[in-house]
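Position 76, counted from 1, in the sequence shown is what our numbering calls 127; the numbers after and before it change by one each time, with no gaps.
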Amino acid sequence: MRCLPCHKEDPAMHTSLLFWNHIISTCGVPKIIISDRDPKFTSEFLTNLYDMLGIKLAFSTAFHSQTDGLAERMIQTMEDILRRFCAYGMEYKDHEG
52 MRCLPCHKED
62 PAMHTSLLFW
72 NHIISTCGVP
82 KIIISDRDPK
92 FTSEFLTNLY
102 DMLGIKLAFS
112 TAFHSQTDGL
122 AERMIQTMED
132 ILRRFCAYGM
142 EYKDHEG
């Protein structure tokens, strides 16, 4: 999993450039992307890009407790990581180290 900092208002073109520069260029083309139906991921541009690259776009089910719960847990985990990094920087050690 990769998380890229961006703004909610970023246009689809900017999002696709981030995706190309930070995901495809370092990890290769993913086989599947799971999206929450955000218009950025369903735009015609990205739909065509997915087709050209052979990526299957799967949508999470709206109001599905498991996918909603997983997404919320991931957001909480990322917030915790960012909070600790901002507070301690590279000096942070977890309970194991």
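Using N, Cα and C, we set each Cβ at its ideal position, and we do this for glycine too.
Which residues does DSSP list as the beta-bridge partners of residue i?
i	result
residue 107	83
Tell me whether residue i sits in a helix, a strand or coil according to DSSP, three-state version.
i	result
residue 52	coil
residue 94	coil
residue 58	coil
residue 124	helix
residue 89	coil
Among residues of its own chain, excluding the 5 on either side of residue i, which ones have a beta-carbon nearer than 6 Å to its beta-carbon?
i	result
residue 104	80
residue 148	Annotation note: pLDDT 49 at residue 148 (below 50); position unreliable, no value reported.
Return the chain-ordered list of same chain residues with a C-beta closer than 8 Å to the C-beta of residue i, the five sequence neighbours on each side being excluded.
i	result
residue 90	63
residue 109	83, 84, 85, 86
Got a sec? Which residues, its chain only, sit under 7 Å from residue i by beta carbon, not counting five neighbours each side?
i	result
residue 53	73, 74
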